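All the letters of the sequence shown, read from the start, carry residue numbers 63 to 418 under our numbering.
Every residue, glycine too, gets a C-beta built ideally from N, C-alpha and C.
These figures come from a predicted structure and were not determined experimentally.
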Amino acid sequence: AYGLRDLKLYDPTVFEASAFPFQEILLHQLEAEAQELISRGIKRDYLAKKERLSSPKGRFDFTEMALQGGMMRAEMPCRYHIRSEDCLPNQVLLAGLKHGSRLTDDLHLRTRLRRKAALIEEKVSVIDLDREAIRRLARQTSRLTKAYSPAFEIIKLLMRGQGTSLSSKDETIPLPGFLFDMNRFFQQLMARVLTEWLEGFRIEDERVIRGMIDYVPGYNPRNRRSPLPRPDIVVMKGQKVVVILDAKYRDLWENALPREMLYQLAIYALSGEANSVSTILYPTMDASASEAHLEIREPHGSFRGKVVLRPVNLMELEQLVEKRADEALIQRRRDYANKLAFGRKNFIGGEFSTER
């Protein structure tokens with residue numbers, strides 16, 4: 063789901079016999095990513111410096127000179143750049159390693175994380191790992207920091223799982239456990255499966271449906287923004303919306319459909335996009351699970367839209383993901399992605415059919 067490298071820790075016997083919390087898998091993954099970055103050589107960036115120098119370099123800072131009343135000492139205020147490892151990506155990586163070392167009870171894993179941190183701490187300053195640092199990092203992300211993306215993704219997962227906030231400030235309450243947003247994980251997993259396996263279509267995450275719900279002019283006293291429906295996954299063919307999908311981490315084969323989910327998907331179906339059809343993708347372990355269809359009608363019975371409940375068999379998906387790809391498996395993956403996006407009967411000859 064997150065595009066991380068393959069990770070092998072123990073053989074199945076040891077794994078089943080040992081207590082191995084989920085967050086420690088992420089910490090092992092973070093240690094492996096850090097090792098890869100350090101072995102390649104961590105990023106160096108040009109940092110702006112401003113100081114008074116007796117041997118000038120860079121550019122003279124005439125504004126600073128004027129503010130100090132001219133040449134008062136045998137030093138010139140200068141602005142220059144140095145190439146240094148003490149840049150924000152490395153600072154976030156160091157803070158993530160230190161944070162991770164505090165989350166694990168595994169002595170060997172904690173030692174490896176601290177060793178990785180010590181390797182870069184000599185050249186990188188320590189910062190607080192908070193939301194503002196992550197926001198600054200997002201603004202500086204580019205192709206030059208692509209190699210850091212898996213490590214940053216793990217660090218963000220660890221931050222979200224650390225605790226819960228009771229205020230708008232960056233205050234967290236550490237909890238004796240790990241909080242993991244399975245809804246978000248399942249959404250990203252479905253988006254990646256469709257992006258890589260569904261041929262001939264473009265996948266957009268959380269595409270906004272604009273103009274469907276708007277405040278009436280003159281009747282918005284608080285000047286609030288109009289609500290913007292935002293489906294999890296939209297399948298596009300050129301500029302046309304073909305399918306609207308929403309990933310829900312709830313087994314709707316075993317459990318009833320909550321009305322909140324139904325109302326949300328009904329809004330997507332009534333948006334006029336994707337032939338008035340919206341689909342819920344939900345995980346299940348039951349191989350006999352099949353689609354359920356709900357029609358949206360006006361009170362007098364005319365059809366307005368349809369909501370489809372489509373199961374995602376996790377055992378079948380696991381087999382498709384873990385096996386080494388060959389021509390036969392690649393075709394099975396394509397067929398599986400078509401089934402997830404369009405169902406068994408709704409995808410015919412490359413066109414989407416509205417079958418009631």
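Residue i versus residue j - alpha carbon distance
i, j, result
"Pro151", "His170", "26 Å"
"Glu394", "Ile189", "The residue asked about is misnamed: residue 394 is Arg in this sequence, not Glu. Straight-line Cα distance between these residues: approximately 47 Å."
"Gly225", "Phe242", "Bear in mind that a pLDDT of 48 at Gly225, under 50, signals an unreliable position, so the number given afterwards is only what the model happens to contain. Straight-line Cα distance between these residues: approximately 10 Å."
"Asp107", "Lys185", "12 Å"
"Thr341", "Arg269", "15 Å"
"Leu391", "Asp192", "42 Å"
"Ile306", "Glu261", "17 Å"
"Arg287", "Leu332", "21 Å"
"Ile329", "Ala336", "12 Å"
"Asn317", "Ala179", "46 Å"
"Arg431", "Leu402", "The chain is shown from 63 up to 418; residue 431 falls before or after that span and cannot be answered."
"Asp123", "His143", "13 Å"
"Met377", "Thr166", "30 Å"
"Ser364", "Leu219", "46 Å"
"Arg396", "Thr257", "11 Å"
"Tyr210", "Leu99", "7 Å"
"Ala110", "Phe214", "24 Å"
"Arg198", "Met221", "16 Å"
"Gly334", "Arg177", "56 Å"
"Tyr398", "Lys208", "30 Å"
"Gly273", "Ala349", "40 Å"
"Gly103", "Asp168", "27 Å"
"Lys302", "Leu343", "21 Å"
Cβ-based burial, residue i [other Cβ within 10 Å; buried from 16]
i, result
"Ile87", "exposed"
"Ala94", "buried"
"Val370", "buried"
"Val383", "exposed"
"Tyr281", "exposed"
"Glu389", "exposed"
"Ala387", "exposed"
"Val278", "exposed"
"Gln381", "exposed"
"Phe404", "buried"
"Ser163", "buried"
"Gln202", "exposed"
"Pro283", "exposed"
"Glu322", "exposed"
"Ala200", "exposed"
"Arg174", "buried"
"Pro373", "buried"
"Leu314", "buried"
"Leu129", "exposed"
"Gln85", "buried"
Which listed residue (the options) has its alpha carbon closest to that of residue i
i, options, result
"Val296", "Phe84, Gly280 and Arg254", "Arg254"
"Met127", "Lys119, Gly120, Met138 and Pro118", "Met138"
"Ala136", "Glu378, His161 and Ser116", "Ser116"
"Asp294", "Ala209, Gln326 and Lys112", "Gln326"
"Glu357", "Tyr344, Ala351, Pro373 and Ser338", "Ser338"
"Leu206", "Gly367, Cys149, Arg366 and Leu181", "Cys149"
"Gly367", "Met221, Glu98 and Leu324", "Leu324"
"Leu155", "Arg272, Thr173 and Ala195", "Ala195"
"Gln97", "Gly334, Arg67, Arg222 and Ala110", "Arg67"
"Pro291", "Arg121, Ile271 and Gln85", "Ile271"
"Ser105", "Leu129, Gly65 and Ser146", "One point to set straight first is that residue 105 is Lys, not Ser, in the sequence displayed. For the residues Leu129, Gly65 and Ser146, the minimum Cα distance to Lys105 belongs to Ser146."
"Ser101", "Gln301, Leu181 and Lys385", "Leu181"
"His161", "Thr125, Leu92, Gly103 and Ser204", "Leu92"
Beta-carbon contacts of residue i that lie in its chain and below 7 Å, excluding the five residues immediately before and after
i, result
"Pro289", "Ile275"
"Ser230", "Note that Ser230 scores 47 on pLDDT, short of 50, meaning its location in the model is unreliable; the coordinates nonetheless yield the value given after this. Closer than 7 Å at Cβ, skipping near neighbours: no residue."
"Ala354", "Leu371"
"Glu266", "Val296 and Met298"
"Phe263", "Val297, Met298, Lys299 and Val304"
"Lys119", "Cys140 and Tyr142"
"Leu379", "none"
"Gln153", "Val186, Ser187 and Ile189"
Close-in-space but distant-in-sequence residues of the same chain around residue i (CB under 8 Å, 5 per side omitted)
i, result
"Asn245", "Ala309, Lys310 and Tyr311"
"Glu183", "Leu156"
"Ser352", "Pro373"
"Pro320", "Arg312"
Close Cβ partners of residue i (< 6 Å) along its chain, the five nearest in sequence each way excluded
i, result
"Lys112", "Arg141"
"Gly419", "Past the boundaries of the shown model lies residue 419; the chain is included only from 63 to 418, so the question cannot be answered."
"His362", "none"
"Leu251", "Ala63"
"Phe248", "Ala309 and Tyr311"
"Arg121", "Arg141"
Check: residue i C-beta below 6 Å from any heavy atom of the ligand GTP
i, result
"Val305", "This structure lacks the ligand GTP, and indeed carries no ligand of any kind."
Which full runs of the alpha helix (DSSP H) of 4+ residues lie inside the region 271-306, going along the chain?
-> Complete alpha helix (DSSP H) runs here, min 4: none at all.
Completely contained beta strand (DSSP E) runs for the region 127-178, where each covers 3 or more residues = Given a length threshold of 3 residues, each whole run of the beta strand (DSSP E) inside the region 127-178 is given here in chain order: 138-146.
Enumerate, from N- to C-terminal direction, the unbroken beta strand (DSSP E) stretches of 3 or more residues contained entirely within the region 297-355.
-> Within the region 297-355, the complete beta strand (DSSP E) runs of at least 3 residues are 302-309 and 339-346.
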